[in-house]
Amino acid sequence: MAMKKFLFVQTQPPHGSINGQEGLDAVLMGSAFTECAVLFLDDGIYQILSDQQTGPLNSKDYSVTYLALADYGVNNIYCCQTHLNERSLSTKDLILPVQALPEASIRRLFDEYDVILSF
Amino acid sequence: MAMKKFLFVQTQPPHGSINGQEGLDAVLMGSAFTECAVLFLDDGIYQILSDQQTGPLNSKDYSVTYLALADYGVNNIYCCQTHLNERSLSTKDLILPVQALPEASIRRLFDEYDVILSF
Amino acid sequence: MKFAIAVFGAPYSSQASLSALHFAQAVTLAKHELYRVFFYHDGVLNGNNLMVPPQDELNLQNAWVEFAATSKSELVVCIASALRRGMLNAEETRRYEKTASSLDPAFIISGLGQLIDAGLQADRLVTFN
Amino acid sequence: MKFAIAVFGAPYSSQASLSALHFAQAVTLAKHELYRVFFYHDGVLNGNNLMVPPQDELNLQNAWVEFAATSKSELVVCIASALRRGMLNAEETRRYEKTASSLDPAFIISGLGQLIDAGLQADRLVTFN
Amino acid sequence: MLLHTINQSPFSNFSLKSCEKFSAVGDAVVFLENGVYALVHPNLHLLIQADLNVFALQADILARGLQHSCPDTVKIISYPQFVELCVQYPKQKAW
Amino acid sequence: MLLHTINQSPFSNFSLKSCEKFSAVGDAVVFLENGVYALVHPNLHLLIQADLNVFALQADILARGLQHSCPDTVKIISYPQFVELCVQYPKQKAW
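Residue numbers (the working numbering), protein chains in the order written: chain S, 10 to 128; chain R, 10 to 128; chain E, 15 to 143; chain Y, 15 to 143; chain C, 151 to 245; chain B, 151 to 245.
In structure tokens form, the structure reads like this:
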């Protein structure tokens, strides 16, 4: 049997809760075992918005950890074009290259992966 | 100085979290000290929907505790008529008598009370 | 069929724990195998053996321990989530020189790899968030 | 002016605790009196002295204790919320015959009446939910 | 074929809409916890029109007093039936 | 005069709309935590049109990388300024 592929879905914005950070930990761990991809939906896309300055809040800027994904072999990183548009964002505003998919393609993505974990 | 009056705002539905139950505890405690009122907004109104049968879920039916509010001297119990309408509910569906206010009156209610605690 | 369950929510504050418990009981009732229950995020708080809920409310930590004992299922809490939230077993208490431990011994502290392993080994991984 | 603060959210899982801490510091910096910080709901988890967050992250329990020590502010956790979530001090641990206590001694366990009292006595009660 | 689970109220959360947008004909949806308020939400018909198989947990419906408001288009299930759905549908998407 | 606080994202929650509906001319609104995403939400103008005084916490804006997207209609404040607002506005409604 071929190794199962994991899709990690990030839905929460950063800093308001630990969800995104613990979700990213799960992606990094998953990449040590099998093929993994990340999908940013809704406010999840804000996790990788550029230029997060967390000093005054005394929070941790874990967005930079996303830059290590390629080193971990995680190269399939997606988001929803509609969710970008709703937030007046483009992929240029993000700290790493992300494939923006039309809504119709997101459901097909769910088909490609064997396990879907949402954070 | 006259005693401060408290308004407790319930916004969460029952059983999905402990919020409503701990909010009700706060109302009961408040009534021992000063004049208190309760306002149900949004899904908060579901806390007092009739005929909650919590046996199969093994949750606690604390909705019956609301019936004791009158004994605690809490007689001003409000909800938003629009929020009832959105949920196809009427005050007859509720386990206790509630004054349904038009939206415009809710803000005036905030003026009448000195401390607002939302759950 | 081989099931695994992931629990992300705190007891009481969230219903995730109660839903997961009902689901876990139904899994074993149907004679399926329950490979692992993995507690992540606030889910690790389910292992707190100091909780004293009111008499007329379910003690979720006890309920999980009883379930594990009768079903022979494994209860695993994520170590990183547990440390951040102060859910330590005796060994972690010693390691970090803390004053006490609050994680019930029926819960195993392990790495996040056990969540990935659950997804790989089980036929179905069901999340309660 | 006399302030009081209510904290309803768990550390890390919610930002309520961090926001409340920044606000509390600003209150005392402005020479206002901080009558009480009251922890309710999951906020009681801020008193857990077993938490071991990663080295590069703020230890919120320590931060509250330090703040209280320098500002002479009172940190109060609601007893009912605390019992349900397993946040016991030495006295409650004995009363309920539990194995350990995890509430830092800088946090006082008291009744929900202290929240009402805070609303009555302080000029301003600010909630972080 | 995907098993969507929704545990939040559609009156306070967009899960129901997201699920409808990112589902395909033949997928199943299970409403649980506060998700069962979808049974009395005007957007429920979107899922039915999208040809999804829609289920809701009885214990959650009863606990919330919604047992008198269940539309025929939604099948009421027990926890064992929920487990059976997980057998039929190989993957879960928790919204 | 009421001080409304909003700590959730308007993209995932209805707090911003509730606040607009249940506010009066002269009230203040403080966006904090995930609430600061209101600065880039199309419904922000509703609060401005309703003649509310709108504020947002700088530390939360910076942490989220929104410092380049702040509209002129919103005043950026520090925690000490937030405390000062609590002095000016005697009551808080936390949404």
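No residue lacks a Cβ here, since even glycine has one placed at the ideal position from N, Cα and C.
As the structure is a prediction and not an experimental result, all values here were calculated from the model.
Test: residue i CB closer than 9 Å to a CB of chain Y
{"i": "Ser-68 of chain R", "result": "no"}
{"i": "Asn-203 of chain B", "result": "no"}
{"i": "Gly-53 of chain R", "result": "no"}
Near the ligand PLP: residue i beta-carbon under 8 Å from a heavy atom
{"i": "Ile-115 of chain R", "result": "As for the ligand PLP, it is missing from this structure, which has no ligand bound."}
Within-9 Å CB hit, residue i to chain S
{"i": "His-195 of chain B", "result": "no"}
{"i": "Gln-242 of chain C", "result": "yes"}
{"i": "Lys-225 of chain C", "result": "no"}
{"i": "Leu-207 of chain C", "result": "no"}
{"i": "Ser-219 of chain B", "result": "yes"}
Under 8 Å by beta carbon: chain B residues contacting residue i
{"i": "Ser-72 of chain R", "result": "Per Cβ cutoff of 8 Å: no residues; Ser-72 of chain R is ~23 Å from chain B at best."}
{"i": "Pro-65 of chain S", "result": "Gln-208, Ala-209, Leu-212, Ala-213"}
C-beta neighbour in chain C for residue i, strict 9 Å
{"i": "Phe-164 of chain B", "result": "yes"}
{"i": "Asp-137 of chain E", "result": "yes"}
{"i": "Ser-127 of chain S", "result": "yes"}
{"i": "Phe-49 of chain S", "result": "no"}
{"i": "Tyr-87 of chain R", "result": "no"}
{"i": "Met-101 of chain E", "result": "no"}
Bridge-paired residues (DSSP) for residue i
{"i": "Ile-226 of chain C", "result": "C:Ala-206"}
{"i": "Lys-243 of chain B", "result": "B:His-154"}
{"i": "Gln-19 of chain S", "result": "S:Phe-49"}
{"i": "Cys-92 of chain Y", "result": "Y:Ser-124"}
{"i": "Ala-178 of chain B", "result": "B:Leu-153, B:Asn-203"}
{"i": "Phe-53 of chain E", "result": "E:Val-21, E:Val-91"}
{"i": "Phe-142 of chain E", "result": "E:Val-21"}
{"i": "Ala-109 of chain R", "result": "R:Cys-88"}
CB contact check: residue i to chain E, cutoff 9 Å
{"i": "Ser-26 of chain R", "result": "yes"}
{"i": "Glu-105 of chain Y", "result": "no"}
{"i": "Val-237 of chain C", "result": "yes"}
{"i": "Phe-15 of chain S", "result": "yes"}
{"i": "Tyr-110 of chain Y", "result": "yes"}
{"i": "Leu-89 of chain Y", "result": "no"}
Interface residues of chain E facing residue i [CB-CB closer than 8 Å]
{"i": "Phe-42 of chain S", "result": "Gly-127, Ile-130, Asp-131, Leu-134"}
{"i": "Pro-230 of chain C", "result": "Ala-40, Leu-43, Ala-44"}
Contacts of residue i in chain R (Cβ-Cβ under 9 Å)
{"i": "Val-190 of chain C", "result": "Arg-96, Ser-97, Leu-98"}
{"i": "Leu-64 of chain E", "result": "Ordered by position in chain R, no residue passes the 9 Å Cβ test against Leu-64 of chain E, which lies about 17 Å from the chain."}
CB contact below 9 Å: residue i versus chain R
{"i": "His-36 of chain E", "result": "yes"}
{"i": "Tyr-49 of chain Y", "result": "no"}
Length of the line joining the Cα atoms of residue i and residue j
{"i": "Phe-37 of chain E", "j": "Pro-230 of chain C", "result": "7 Å"}
{"i": "Gln-135 of chain Y", "j": "Gly-100 of chain E", "result": "33 Å"}
{"i": "Leu-110 of chain S", "j": "Phe-53 of chain E", "result": "32 Å"}
{"i": "Glu-183 of chain B", "j": "Leu-32 of chain E", "result": "29 Å"}
{"i": "Leu-35 of chain E", "j": "Gln-208 of chain C", "result": "15 Å"}
{"i": "Gln-69 of chain E", "j": "Pro-65 of chain S", "result": "45 Å"}
{"i": "Cys-236 of chain B", "j": "Arg-98 of chain E", "result": "32 Å"}
{"i": "Thr-63 of chain R", "j": "Ile-19 of chain Y", "result": "34 Å"}
Residues that residue i contacts on chain B, provided the C-beta gap is smaller than 9 Å
{"i": "Ala-24 of chain Y", "result": "Near Ala-24 of chain Y there are no residues of chain B at all, since even the closest Cβ is about 14 Å away, more than 9 Å."}
{"i": "Leu-58 of chain S", "result": "Arg-214, Gly-215, Leu-216"}
Residue i: contacting residues in chain S (beta-carbon distance under 7 Å)
{"i": "Ala-200 of chain C", "result": "Per Cβ cutoff of 7 Å: no residues; Ala-200 of chain C is ~11 Å from chain S at best."}
{"i": "Ser-159 of chain B", "result": "Pro-22, Asp-52"}
{"i": "Leu-152 of chain C", "result": "Phe-119"}
{"i": "Glu-71 of chain Y", "result": "Lys-69"}
Where residue i meets chain C, residues with beta-carbon distance less than 9 Å
{"i": "Asp-123 of chain S", "result": "Pro-240, Lys-241"}
Residue i: contacting residues in chain C (beta-carbon distance under 7 Å)
{"i": "Ile-115 of chain S", "result": "Phe-172"}
{"i": "Thr-141 of chain E", "result": "Gln-242, Ala-244"}
Contact with chain B by residue i, beta-carbon distance below 9 Å
{"i": "Val-21 of chain Y", "result": "no"}
{"i": "Gly-32 of chain S", "result": "no"}
Chain-ordered neighbours of residue i on chain Y, where CB pairs are closer than 7 Å
{"i": "Leu-182 of chain B", "result": "Ser-33"}
{"i": "Ser-115 of chain E", "result": "Ala-114"}
Within chain C, the residues that residue i reaches when beta carbons sit closer than 8 Å
{"i": "Pro-23 of chain R", "result": "Ala-213, Arg-214"}
Residues that residue i contacts on chain Y, provided the C-beta gap is smaller than 9 Å
{"i": "Ala-77 of chain E", "result": "Correct list: empty, because the minimum Cβ distance to chain Y is about 14 Å."}
Interface residues of chain B facing residue i [CB-CB closer than 7 Å]
{"i": "Gln-61 of chain S", "result": "Ala-213, Arg-214, Gly-215"}
{"i": "Gln-29 of chain Y", "result": "Glu-183"}
Chain-ordered neighbours of residue i on chain R, where CB pairs are closer than 7 Å
{"i": "Ser-95 of chain Y", "result": "Glu-31"}
Worksheet item: On the three-pair Cβ rule with 8 Å, is the stretch 231-245 of chain C touching the stretch 132-139 of chain E?
Response: The stretch 231-245 of chain C makes contact with the stretch 132-139 of chain E, as at least three CB pairs between them are under 8 Å.
Worksheet item: So does the stretch 97-104 of chain R actually touch the stretch 15-28 of chain R, counting three or more Cβ pairs closer than 8 Å?
Response: In short, these stretches do not touch, since the Cβ pair count stays below three.
Fill in: Validate contact between the stretch 180-200 of chain B and the stretch 215-229 of chain B using beta carbons, cut 8 Å, 3 pairs
yes
Discussion item. Using 8 Å as the cut-off, can you tell me whether the stretch 45-63 of chain Y makes contact with the stretch 97-112 of chain E, which would need three or more C-beta pairs spanning the two stretches below that distance?
Written reply: These segments touch.
Worksheet item: How do the stretch 164-179 of chain C and the stretch 72-89 of chain Y stand: do at least 3 beta-carbon pairs fall below 8 Å, yes or no?
Response: no
Discussion item. For the stretch 36-53 of chain E against the stretch 21-28 of chain Y, do three or more pairs of beta-carbon atoms, one drawn from each stretch, fall closer than 8 Å, so that the two count as touching?
Written reply: Touching, no.
Worksheet item: Would you call the stretch 74-89 of chain R and the stretch 43-63 of chain R touching, i.e. three or more CB-CB distances under 8 Å?
Response: Two segments are said to touch when three or more pairs of C-beta atoms, one from each, lie closer than 8 Å; by this definition the stretch 74-89 of chain R touches the stretch 43-63 of chain R.
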